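Following the numbering used here, the numbering of the sequence shown begins with 18 at its first residue and continues without gaps.
Think of the CB as a built atom: it goes at the ideal place given N, C-alpha and C, for glycine as much as any other residue.
None of the values given here were measured: they were computed from a predicted structure.
Taking it in order: structure first as structure tokens, then the write-up.
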Amino acid sequence: MALSFAKDIRPLFRADDISAMKDFGGFDLSKYDDVKGHANDIYHRTREGEMPCDGAWPEANVQKFKQWMDGGMQP
């Protein structure tokens, strides 16, 4: 079953993450089109522990994001 942005990915981003990325990254992690357009960068930054800024995601979250990407980034 394919993961969706609304159900599976959007909840991974906390309000602080969304605010920080709007301020410093210039895009909105709560918006499907923004996350889809920056998915490769988000994946690499979360995989390397550079994002979110207050500490790395658990590996399960990184893999969920990758699975969403590999599944066609459904809305």
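Based on the DSSP secondary-structure assignment, which residues constitute the bridge partners of residue i?
i, result
"Gln91", "Ser21"
Check residue i in the structure and name its three-state DSSP category.
i, result
"Leu29", "helix"
"Asp71", "coil"
"Asp58", "helix"
"Phe82", "helix"
"Lys53", "helix"
"Gly42", "helix"
Short of 7 angstroms in beta carbon distance, which residues of its chain neighbour residue i, apart from the five on each side in sequence? Order them along the chain.
i, result
"Gln84", "Leu20"
"Pro92", "Ser21, Phe22, Ala23 and Tyr49"
Could you tell me how far apart the beta carbons of residue i and residue j are, in whole angstroms, since I believe they sit closer than 8 angstroms?
i, j, result
"Gly56", "Met18", "One detail in the question is off: residue 56 reads as Ala in this sequence, not Gly. Contact doesn't hold; Cβ gap of about 19 angstroms is too wide."
"Phe82", "Ile59", "7 angstroms"
Touching by the beta-carbon criterion (3+ pairs, under 8 angstroms), the region 41 to 51 and the region 73 to 81
no
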